[in-house]
Amino acid sequence: MYYLHTNMHVFPLSFRSCCERVFSIATAAMADTAPHQIPRSRLVVSTTSASPPVPRTDNPRSRLVFFAAGDGVDGRPSASVSRADPPSRMNIVGEEIQSNSRKRPRLDQAKTQSNNNEVIEAPVAASDKPHAPQEAPDSWQQDTPLAYEYASPGLACAEDSVDEYWHALLAEDSRALFRLDSHVFVLQDWDEDEHMLQLGQYFHVLSFPHPSGQLGVACTCPRWKAKENCRHSSLFHMHSSHLSFLLPVVKSPLPPAILLCSTLFLNKLIFSCEGEVGRYTSGKRVIVSLQTSGRWHCQSCRYSPTCKHRPHAIAFAVALGLAEAGTTGEAISVPPEENEPDVDDLALMEAASRDDGLGHRGCISYLPIPAPRWCSLPNEPSFTAPKRMFTSSHFPLSELSRCSCGKALDNSVSPTAIVIRSATLFDLTVPREITIEVVPCPACRHGRRQIGPDLSEFGLFNWNNRFVFAHDVLNTFTSMFTASETPFTAFCLIMRRTYMEYSFAHKFCSDDTFIRVWFAFVRLQQLDSSMTCPTCGPSPSVVIADGVSLAPHISKLTSHISPPTMVTSHSDRVESISTYKARHLPLIKEVDVRKRISQLLEATKTHPSAPSQAAPNIPDLQPIVLLYPALFAFIQLYLQSFRLQTSPHLKSYRTLLDQINAPDIALQLVPYSAIAILDRMGANRDYQPPDWLQNLIPAIGHILRSHRNTNTLIPLEVRSLAGWMAVRACDVYTRLAQHDPGAIGDIRAVSPAMGWQQTGTCYGLPLIRSRRTYPKLRHDGTVLDRGAESKDGDSGLGGCKKYYSIYSKSSLAGGIMALWCTHSICLGFHTMPIAEGRNDVFSAIYTHFPTAPEIIVYDYACQLAAYSLVREARYFRNTKFLIDELHAHGHTTCGQACFSSNAMQFDERIRGINTSAAECGNGGMGRIRKSVSFMTYEHAVVFTKVFLDVWNRRIIGRIMSL
Numbered sequence: 001m002y003y004l005h006t007n008m009h010v011f012p013l014s015f016r017s018c019c020e021r022v023f024s025i026a027t028a029a030m031a032d033t034a035p036h037q038i039p040r041s042r043l044v045v046s047t048t049s050a051s052p053p054v055p056r057t058d059n060p061r062s063r064l065v066f067f068a069a070g071d072g073v074d075g076r077p078s079a080s081v082s083r084a085d086p087p088s089r090m091n092i093v094g095e096e097i098q099s100n101s102r103k104r105p106r107l108d109q110a111k112t113q114s115n116n117n118e119v120i121e122a123p124v125a126a127s128d129k130p131h132a133p134q135e136a137p138d139s140w141q142q143d144t145p146l147a148y149e150y151a152s153p154g155l156a157c158a159e160d161s162v163d164e165y166w167h168a169l170l171a172e173d174s175r176a177l178f179r180l181d182s183h184v185f186v187l188q189d190w191d192e193d194e195h196m197l198q199l200g201q202y203f204h205v206l207s208f209p210h211p212s213g214q215l216g217v218a219c220t221c222p223r224w225k226a227k228e229n230c231r232h233s234s235l236f237h238m239h240s241s242h243l244s245f246l247l248p249v250v251k252s253p254l255p256p257a258i259l260l261c262s263t264l265f266l267n268k269l270i271f272s273c274e275g276e277v278g279r280y281t282s283g284k285r286v287i288v289s290l291q292t293s294g295r296w297h298c299q300s301c302r303y304s305p306t307c308k309h310r311p312h313a314i315a316f317a318v319a320l321g322l323a324e325a326g327t328t329g330e331a332i333s334v335p336p337e338e339n340e341p342d343v344d345d346l347a348l349m350e351a352a353s354r355d356d357g358l359g360h361r362g363c364i365s366y367l368p369i370p371a372p373r374w375c376s377l378p379n380e381p382s383f384t385a386p387k388r389m390f391t392s393s394h395f396p397l398s399e400l401s402r403c404s405c406g407k408a409l410d411n412s413v414s415p416t417a418i419v420i421r422s423a424t425l426f427d428l429t430v431p432r433e434i435t436i437e438v439v440p441c442p443a444c445r446h447g448r449r450q451i452g453p454d455l456s457e458f459g460l461f462n463w464n465n466r467f468v469f470a471h472d473v474l475n476t477f478t479s480m481f482t483a484s485e486t487p488f489t490a491f492c493l494i495m496r497r498t499y500m501e502y503s504f505a506h507k508f509c510s511d512d513t514f515i516r517v518w519f520a521f522v523r524l525q526q527l528d529s530s531m532t533c534p535t536c537g538p539s540p541s542v543v544i545a546d547g548v549s550l551a552p553h554i555s556k557l558t559s560h561i562s563p564p565t566m567v568t569s570h571s572d573r574v575e576s577i578s579t580y581k582a583r584h585l586p587l588i589k590e591v592d593v594r595k596r597i598s599q600l601l602e603a604t605k606t607h608p609s610a611p612s613q614a615a616p617n618i619p620d621l622q623p624i625v626l627l628y629p630a631l632f633a634f635i636q637l638y639l640q641s642f643r644l645q646t647s648p649h650l651k652s653y654r655t656l657l658d659q660i661n662a663p664d665i666a667l668q669l670v671p672y673s674a675i676a677i678l679d680r681m682g683a684n685r686d687y688q689p690p691d692w693l694q695n696l697i698p699a700i701g702h703i704l705r706s707h708r709n710t711n712t713l714i715p716l717e718v719r720s721l722a723g724w725m726a727v728r729a730c731d732v733y734t735r736l737a738q739h740d741p742g743a744i745g746d747i748r749a750v751s752p753a754m755g756w757q758q759t760g761t762c763y764g765l766p767l768i769r770s771r772r773t774y775p776k777l778r779h780d781g782t783v784l785d786r787g788a789e790s791k792d793g794d795s796g797l798g799g800c801k802k803y804y805s806i807y808s809k810s811s812l813a814g815g816i817m818a819l820w821c822t823h824s825i826c827l828g829f830h831t832m833p834i835a836e837g838r839n840d841v842f843s844a845i846y847t848h849f850p851t852a853p854e855i856i857v858y859d860y861a862c863q864l865a866a867y868s869l870v871r872e873a874r875y876f877r878n879t880k881f882l883i884d885e886l887h888a889h890g891h892t893t894c895g896q897a898c899f900s901s902n903a904m905q906f907d908e909r910i911r912g913i914n915t916s917a918a919e920c921g922n923g924g925m926g927r928i929r930k931s932v933s934f935m936t937y938e939h940a941v942v943f944t945k946v947f948l949d950v951w952n953r954r955i956i957g958r959i960m961s962l
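Quick note on UniProt numbering: the sequence shown kicks off at 1 and runs consecutively.
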């Protein structure tokens with residue numbers, strides 16, 4: 001430690017800071033003061049091995065003296081600086097550089113120096129503190145701008161603690177204490193419990209003069225904002241005279257962003273940034289840091305995208321090359337409520353940076369843990385098993401004991417090696433002190449690695465032989481976060497308050513410790529619901545698919561992610577289908593013809609109420625006569641019914657014409673199983689179609705029911721139209737059905753992969769196929785593959801006007817794609833690295849279901865049908881693609897053939913199901929959306945799986961109880 005001595009004050013500084021102060025003050029004095037105003041001064045450095053000398057006070061002017069023990073010759077100072085006798089060449093310490101430089105003496109050598117009887121230094125103990133500042137004369141106060149009397153409301157901390165804080169700041173060598181200008185300082189925070197500076201925590205301290213002549217102090221820390229008193233303001237009161245000699249780090253006026261320091265920890269770059277600039281500037285500054293993860297954190301706004309402080313730091317970092325342009329902002333856009341992190345973010349990140357208990361450094365407990373009774377199934381032993389309890393405070397070793405490294409207890413352990421150690425048991429109400437028998441692990445070299453009991457037979461979870469958690473505590477958190485939105489930090493706060501009710505001395509574990517313990521606990525717990533519905537079976541005939549915006553930040557995704565949409569160089573290539581073959585998929589190929597029919601339907605939407613009313617403006621239908629004569633004949637039949645006003649068939653004719661005119665794929669209206677019936681219906685006038693045809697084509701069913709109710713024959717125009725529809729649907733299917741689906745096999749058995757925790761894919765059905773590649777299909781597997789088909793695209797499909805098209809093109813954050821049965825039981829999920837798309841549903845079904853479901857309900861089914869049938873027509877040929885009732889209102893240009901409300905008129909299965917079952921599950925998962933957004937990838941997958949397992953178990957339990 002070095003001591004800076006002025007004529008009135010003595011205070012300690014680090015060596016580098018001392019050197020900088022000497023050189024800067026001396027240079028400023030020589031530049032701004034006339035030679036006759038500065039007496040001949042000396043620059044000397046004094047080390048901690050000697051007692052700091054008492055400075056002279058005979059000259060009230062700015063005379064700076066630094067003493068360096070043993071650096072001079074014959075006890076004289078090593079160098080002197082003055083206006084009258086300037087050195088020819090000076091280094092930063094103020095020493096004259098010579099050819100034969102002498103080595104600096106060791107700092108631990110105590111020496112006694114004298115200089116013309118002015119200063120006497122004597123050896124002192126290392127614990128002795130520097131002399132207190134002496135009171136300055138009035139003349140000095142008039143020349144010093146910081147000579148105000150502080151208006152202190154009272155010290156917030158003990159003097160010894162503040163003094164320890166002060167010396168820690170000085171020891172950090174200009175990395176913990178900064179002066180921005182005459183009124184603004186930045187101090188690194190102090191940890192009272194650990195007695196050390198807190199990494200990455202900085203606060204601004206401001207000092208402004210009052211009209212009364214006093215100097216007020218304010219701080220930006222939470223404690224000062226709450227009580228107007230904190231350790232930072234106390235330190236400023238006690239060491240104000242020392243702080244007044246700190247040099248500003250930048251020139252005035254202050255720039256919008258100031259780089260204070262860089263670290264090797266979480267916050268690698270620390271900035272002091274201003275908010276508003278220009279006309280509305282207020283001068284308020286906050287700390288902005290660039291974290292090692294690449295995210296920018298503001299002390300005031302945290303991670304909010306509307307922060308006004310971060311842009312200044314980002315611009316500064318980019319200009320200096322400390323950050324790359326284009327990567328300093330947020331890579332994705334997320335809902336505002338998800339972008340407001342709280343203390344749970346820091347706790348989750350801290351826990352994720354450490355092991356969760358089942359890796360190389362695992363927890364002590366390792367035996368399977370049964371599910372809690374409240375989510376156990378009636379056929380499970382835990383549903384009726386007695387509750388596991390403990391009655392003793394001492395837990396001996398057993399045959400099942402092991403170390404965290406996995407080393408089990410064997411017979412070679414000597415009884416004399418057993419050690420009884422104390423541990424803390426965290427129960428629901430109070431912590432308990434217990435004792436555990438442990439044995440040093442022979443396989444570990446770490447002194448804290450010991451073999452201990454598992455304790456699961458007592459309903460306890462042994463974390464590390466020092467912390468033991470009751471199963472009730474960990475199960476309670478699982479119950480709370482699955483019932484309502486409960487972050488980890490909120491639960492830990494509840495536990496601390498509960499403990500406080502019994503005694504203020506009772507303490508709960510830290511947030512990050514509890515997070516790590518809980519994740520290790522649920523990995524051992526038997527919560528798996530098998531992702532199977534007891535009613536629908538493992539392969540339901542009706543599947544509801546929906547994407548959920550539930551995922552961590554895109555920067556936290558790992559290279560191990562493996563959704564069903566992933567293809568590799570070894571994936572099967574299908575070249576039998578091409579973009580050319582996939583053209584002209586709607587029943588009416590020409591866009592102009594569909595436009596004319598739309599005008600016709602709009603013109604005949606309402607019938608004239610009186611003969612005097614003008615006739616509807618019928619568009620020119622001549623192009624239809626040449627291209628589609630059967631369709632033209634049916635239009636004439638429709639117009640004839642329209643003119644009759646009282647025709648009972650008008651509505652059914654209009655419904656069929658409207659669905660024929662839809663831009664959807666022809667197989668959406670005419671399923672593969674209905675082609676033969678329509679063809680026979682058009683070829684044989686006496687053929688009566690079966691009643692179940694209305695189940696396949698509800699629009700035809702309306703016409704059949706209408707003529708059945710009026711006891712009239714089916715018109716020839718309708719039969720001819722049915723034959724034409726069969727020909728068009730057969731042509732589309734024949735062009736697409738060029739290959740069979742992939743063979744069924746256990747992909748994992750052939751090519752073992754990582755678990756679902758790493759891949760992010762978890763389905764009740766095994767992976768039996770891998771997704772194929774279709775190189776001749778334009779945009780297959782690319783980003784453009786997610787959106788709707790363009791209006792004039794190669795497929796000839798009209799672009800859906802639903803919001804999804806905009807959602808996919810904006811590249812918002814991905815989430816998870818989940819499949820549900822009609823009972824709201826989740827059948828599985830996988831992580832979507834990018835925005836939701838048709839490929840996610842297609843790949844999830846194709847790679848896991850041996851046979852395609854009969855009905856797939858999806859909010860974007862109008863485009864999913866074409867996407868799936870183009871790639872695997874034979875696999876999906878008997879599948880109906882329907883839009884659920886909730887989202888159907890947004891599909892204004894899509895045909896009614898893809899609406900579940902249209903299909904349920906003649907299908908009791910669809911009428912009896914809840915088409916919005918997926919929305920029920922999505923609403924439940926909204927409880928964990930915020931917590932998941934702050935987690936690492938693997939933790940997010942485990943957390944989501946636990947929630948869905950509990951969700952499924954509750955529903956399965958209700959089903960089994962009926």
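Ideal Cβ positions, reconstructed from N, Cα and C, are used throughout, including at glycine.
Could you check how far apart the C-beta atoms of PHE508 and PHE426 are, in whole angstroms? I think they sit under 8 Å.
Here residue 508 refers to the residue found at position 508 when the sequence shown is read from its first residue. Here residue 426 refers to the residue found at position 426 when the sequence shown is read from its first residue. 7 Å between Cβ atoms; contact.
Throw me the rounded Cβ distance for the VAL288 and ALA313 pair, which I believe falls under 8 Å.
Indexing the sequence shown from 1 puts residue 288 at position 288. Indexing the sequence shown from 1 puts residue 313 at position 313. Right, their Cβ atoms sit about 4 Å apart.
On the CB-based measure, 16 or more other CB atoms within 10 Å of its CB, does TRP951 come out buried or exposed?
Counting from 1 along the sequence shown, the entry for residue 951 is found at position 951. TRP951 comes out buried.
Can you round the beta-carbon distance between TYR937 and LYS556 to whole angstroms, since I take them to be within the 8 Å contact cut?
By 1-based counting over the sequence shown, the position of residue 937 is 937. By 1-based counting over the sequence shown, the position of residue 556 is 556. With a Cβ gap of about 5 Å, TYR937 and LYS556 count as contacting.
Identify every run of the alpha helix (DSSP H) within the region 679 to 720, keeping only runs that are complete inside it and at least 4 residues long; order them along the chain.
Runs found: 693 to 696, 698 to 709.
Are the beta-carbon atoms of PHE881 and ALA861 separated by less than 8 Å?
Taking the sequence shown and counting its residues from 1, one reaches residue 881 at position 881. Taking the sequence shown and counting its residues from 1, one reaches residue 861 at position 861. Their beta carbons are under 8 Å apart, which means PHE881 touches ALA861 by this criterion.
Between which two residues does the alpha helix (DSSP H) containing GLY957 stretch?
Within the sequence shown, residue 957 is the residue found at index 957, counting from 1. Counting along the chain, the alpha helix (DSSP H) containing GLY957 begins and ends at 937 to 961.
Can you give me the C-alpha to C-alpha distance between ALA676 and ARG728, rounded to a whole angstrom?
The sequence position of residue 676 within the sequence shown is 676, counting from 1. The sequence position of residue 728 within the sequence shown is 728, counting from 1. The straight-line gap from Cα to Cα measures roughly 12 Å.
Out of ILE588, PRO586, LEU621, which one is the CA nearest neighbour of LEU600?
One-based indexing of the sequence shown puts residue 600 at position 600. Nearest of ILE588, PRO586, LEU621 to LEU600, Cα basis: LEU621.
Answer yes or no: the CB of CYS403 versus the heavy atoms of the ligand GDP, is any distance below 7 Å?
For the structure depicted, the ligand GDP is absent and the ligand set is empty, with no information on it obtainable.
In the DSSP output, what is TYR638 paired with across the bridge?
Within the sequence shown, the letter at position 638 stands for residue 638. In DSSP, TYR638 forms no bridge with anything.
Taking the alpha-carbon of GLN896 as reference, which of ILE825, ALA699, ILE834, HIS823 has the nearest alpha-carbon?
As a position in the sequence shown, residue 896 is number 896, starting the count at 1. Ranking ILE825, ALA699, ILE834, HIS823 by Cα distance to GLN896 puts ALA699 first.
So is HIS195 buried or exposed if we call it buried at 16+ other beta carbons inside 10 Å?
For the purposes of this step, residue 195 is identified with residue 195 of the sequence shown, where counting begins at 1. Exposed: under 16 other Cβ atoms inside 10 Å.
Under 8 Å, do ILE856 and PRO534 count as touching if we go by C-beta distance?
Residue 856 sits at position 856 when you count from the first residue of the sequence shown. Residue 534 sits at position 534 when you count from the first residue of the sequence shown. It is not a contact, given that the beta carbons lie outside the stated cut-off.
Leaving out five residues before and five after MET238 in sequence, what residues of the same chain have Cβ atoms less than 8 Å from its Cβ?
Here residue 238 corresponds to residue number 238 of the sequence shown, with the count starting at 1. Excluding sequence neighbours, MET238 sits near LEU155, GLU159, VAL162, ASP163, TRP166.
Among LEU246, CYS894, LEU650, ASP780, which one has its Cα closest to the Cα of ARG705?
As a first step, residue 705 is located in the sequence shown; it is residue number 705 there, counting from the start. Taking only the C-alpha atoms, the option nearest ARG705 is LEU650.
Please specify which runs of the beta strand (DSSP E), each continuous and at least 3 residues long, are wholly inside the region 157 to 184, giving them in chain order.
Runs of the beta strand (DSSP E) inside the region 157 to 184: 177 to 179.
Assuming CYS375 and ASP664 are in contact, meaning their beta carbons sit under 8 Å apart, how far apart are those beta carbons, in whole angstroms?
Mapped onto the sequence shown, residue 375 falls at position 375. Mapped onto the sequence shown, residue 664 falls at position 664. So it is not a contact: roughly 43 Å between Cβ atoms.
At what residues does the alpha helix (DSSP H) containing LEU259 begin and finish?
In the sequence shown, residue 259 corresponds to position 259, counting from 1. Unbroken run through LEU259 is the beta strand (DSSP E), 257 to 262; no alpha helix (DSSP H).
Do you know offhand how far LEU199's Cα is from THR263's?
If you number the sequence shown from 1, residue 199 lands on position 199. If you number the sequence shown from 1, residue 263 lands on position 263. In a straight line, the C-alpha of LEU199 is about 9 Å away from that of THR263.
According to DSSP, is ASN878 helix, strand or coil?
The residue you call residue 878 lines up with position 878 of the sequence shown. Looking at ASN878 - three-state DSSP - the assignment turns out to be coil, as it is neither helix nor strand.
Which same chain residues, not among the five before or five after SER414, have their C-beta less than 7 Å away from its C-beta?
Taking the first residue of the sequence shown as 1, we reach residue 414 at position 414. Cβ within range, chain order: n/a, list empty.
Give the C-beta separation of LEU827 and MET531 to the nearest angstrom, bearing in mind that I take them to be a contact with Cβ-Cβ under 8 Å.
What you label residue 827 is simply residue 827 of the sequence shown in a count that begins at 1. What you label residue 531 is simply residue 531 of the sequence shown in a count that begins at 1. Yes, they are in contact, since the Cβ atoms of LEU827 and MET531 sit about 5 Å apart, within 8 Å.
What residue range is occupied by the uninterrupted alpha helix (DSSP H) comprising TYR502?
Position 502 of the sequence shown holds residue 502. Start and end: 488 to 502.
Can you round the beta-carbon distance between ALA176 and LEU206 to whole angstroms, since I take them to be within the 8 Å contact cut?
Along the sequence shown, one-based indexing puts residue 176 at 176. Along the sequence shown, one-based indexing puts residue 206 at 206. That belief does not hold up - the Cβ atoms of ALA176 and LEU206 are roughly 18 Å apart, past 8 Å.
What does DSSP give as the partner residue(s) for GLU437 in the beta ladder?
Within the sequence shown, residue 437 is the residue found at index 437, counting from 1. Note: GLU437 sits in a beta bridge opposite ILE420.
According to the neighbour-count rule (16 or more other Cβ atoms, all chains shown, within 10 Å of its Cβ), is ASP495 buried or exposed?
Along the sequence shown, read from residue 1 onward, the residue named residue 495 stands at position 495. Looking at the sequence provided, one finds Met at residue 495 rather than Asp. Classification of MET495: buried, given that the 10 Å Cβ count is 16 or more.
For ILE436, tell me which candidate among VAL430, HIS570, LEU455 has the shortest Cα-Cα distance.
On the sequence shown, position 436 is the one that residue 436 refers to. Per the Cα distances, LEU455.
Am I right that ILE561 and GLY760 are in contact with their C-beta atoms under 8 Å? What's the rounded C-beta distance?
What you label residue 561 is simply residue 561 of the sequence shown in a count that begins at 1. What you label residue 760 is simply residue 760 of the sequence shown in a count that begins at 1. Rounded, the Cβ-Cβ distance is 5 Å, consistent with contact.
Going by CA-CA distance only, name the one from PRO487, TYR774, CYS762, ARG310 that's closest to VAL582.
Along the sequence shown, read from residue 1 onward, the residue named residue 582 stands at position 582. Residue identity differs from the one stated: residue 582 is Ala in this sequence, not Val. Nearest C-alpha to ALA582: TYR774.
Quick check on THR915 - is its C-beta less than 8 Å from some C-beta in chain C?
Chain labels in this structure do not include chain C; a single protein chain is all it has.
Is the region 903 to 922 close to the region 477 to 493, with three or more CB pairs under 8 Å?
The region 903 to 922 is not in contact with the region 477 to 493.
Classify TRP190 as helix, strand or coil using the three-state DSSP reduction.
Start at 1 with the first residue of the sequence shown, and residue 190 comes out as number 190. Residue state, collapsed to three classes: strand.
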